[in-house]
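K.L.:
Using our numbering, the first residue of the sequence shown is number 6, and each one after it goes up by one. Have a look at the structure that comes next, please.
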Amino acid sequence: MSAIFSHPQLVVVHQIASLLQQSGIATELRNEYAAGAAGELSPIDAWPQLWLRDSRQADWAREVIRQFQHAEPGPDWHCPACNNTSPDTFETCWHCGAARS
Ligand SMILES: [Zn+2]
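Rendered as structure tokens:
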């Protein structure tokens, strides 16, 4: 068994985790605090990783992630709370976590 998803930006890993959760796929986050402390590029095995709780869901999880990554993104949106700009694919503000309105 191996990680289903890995990315140097923790916020992206969180985004995939909630996406999978919405599809009924339980995941476990590992290496959450390992990456990026020094502001340098981390080796790939230090990236935050998502692991499936049930490895039988691997094919399904990969398909959910694939569709997410190939979705046509819409325009960026502005956070109502802190006014930072988040990508259309984010349902919550990357900066303060406020829900998209
Ligand atoms: Zn915000």
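Cβ coordinates follow ideal geometry from the N, Cα and C atoms, glycine included. Being a predicted model, the structure only gives us computed values, none of them experimental.
Would you kindly work out how many angstroms separate the C-alpha atoms of residue 95 and residue 60, rounded to a whole number?
P.N.:
Approximately 26 Å, taken between the alpha carbons.
K.L.:
By DSSP, does residue 104 sit in helix, in strand, or in coil?
P.N.:
In this structure, residue 104 counts as strand in the three-state DSSP scheme.
K.L.:
Go ahead and pull the three-state DSSP assignment for residue 99.
P.N.:
Looking at residue 99 - three-state DSSP - the assignment turns out to be coil, as it is neither helix nor strand.
K.L.:
Please list, following the chain, all residues that have a C-beta closer than 6 Å to any non-hydrogen atom of ligand 1.
P.N.:
This criterion selects 84, 86, 87, 89, 98, 100, 101, 103.
K.L.:
Between the alpha carbons of residue 17 and residue 102, how many angstroms are there, rounded?
P.N.:
Cα-Cα distance, rounded: 13 Å.
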